[in-house]
Amino acid sequence: MNSKSLFFSLLLLTLTPLAYAASVLELPTSVEVKVLNGQVYSGDRDIKLTEGENQIVFNYVVNYRDNGMQTQFNSNAVVLTFNAQNDQYELTLPTIRNKNAANKFNKTPSMTLTNKQGSTVAFQSEALIKAGLQIGRDYPEEMIAYNQASHIASVPRFAPVAQVAVAPIAASAAASAPSINHPAEPVTPNLAVKPKTIAEDQAEIGEMLDYWYNKANDDTKAKFKAKINQ
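Laid out in structure tokens, this is it:
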């Protein structure tokens, strides 16, 4: 191989990874991702994206001091939607130092999304609110309903529509049978309940422990720690 051919071969090897680099989203350590593009997410903190529209559901989990006591802020679930175009992205969240800042984020989640060049990237986001106890939420199921509606950050293609099978009708029978119009009956889609994996079950247990531990006073926390150390 002559020097000219070697030069072009090395140049091709250098450029090829750049040409086919996948989009990646870098998240703060305080972010817990629940859903990526309609599916439960349990991967790395640096999320590999698909080219085009992406949708992420996450919680912002951070500690702050309230009246001298350590308090954990676990935000409402946040839906974030944006277009990835063969680039690296970084999500930045506001600092939470007190209860007012925590309540403000829960009411109107604020964040910044930038690309590798530091330019601001357009996105849509809002809180995914559910009344009542938050432990054990089925986020993928909630996102199906969310994406089927016209919300700010909805992505309809991440909301599968249940297919209803229709039995074939013989041509001769259809031709001879009289035409009778019956009122349409509502069709209820058969949504099978997907059993939880061990990882999902343990994650739910962890959420429950975090929830009740942070609700406890210092005396109860001390007893809990002593129980664990037995």
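Offset between the sequence shown (1-based) and the working numbering: plus 22. Where a beta carbon is used, it is the ideal one built from N, C-alpha and C, also for glycine.
Item: Per-residue DSSP class, three states only, for Met-133; Value: coil
Item: Bridge partner(s) assigned by DSSP for Ser-147; Value: Leu-102
Item: Assigned secondary structure, Leu-155 (DSSP; H/G/I helix, E/B strand, else coil); Value: coil
Item: The alpha helix (DSSP H) enclosing Tyr-63, as first and last residue numbers; Value: First-last for Tyr-63: undefined, no H or E at that position.
Item: For Val-53: DSSP bridge partner residues; Value: Tyr-82
Item: Contacts around Asp-68, its chain only, beta-carbon distance under 6 Å, and the 5 residues preceding and following it disregarded; Value: Val-46, Glu-48
Item: Option in Gly-65, Phe-104, Leu-135, Ser-52 with minimal Cα separation from Phe-95; Value: Ser-52
Item: Collapsed DSSP secondary structure at Ala-197 in the structure displayed; Value: Its pLDDT being 48, under 50, Ala-197 is placed unreliably in this model, and the value from its coordinates should be taken loosely. Note: Ala-197 maps to helix in three-state DSSP.
Item: Buried or exposed by the 16-neighbour rule on C-beta atoms within 10 Å, applied to Asn-212; Value: Low confidence applies here, because Asn-212 scores a pLDDT of 49, under 50, leaving its location unreliable and the question unanswered by this model.
Item: Where Arg-87 falls: helix, strand or coil (DSSP); Value: strand
Item: Residue(s) in a DSSP beta bridge with Leu-113; Value: Leu-135
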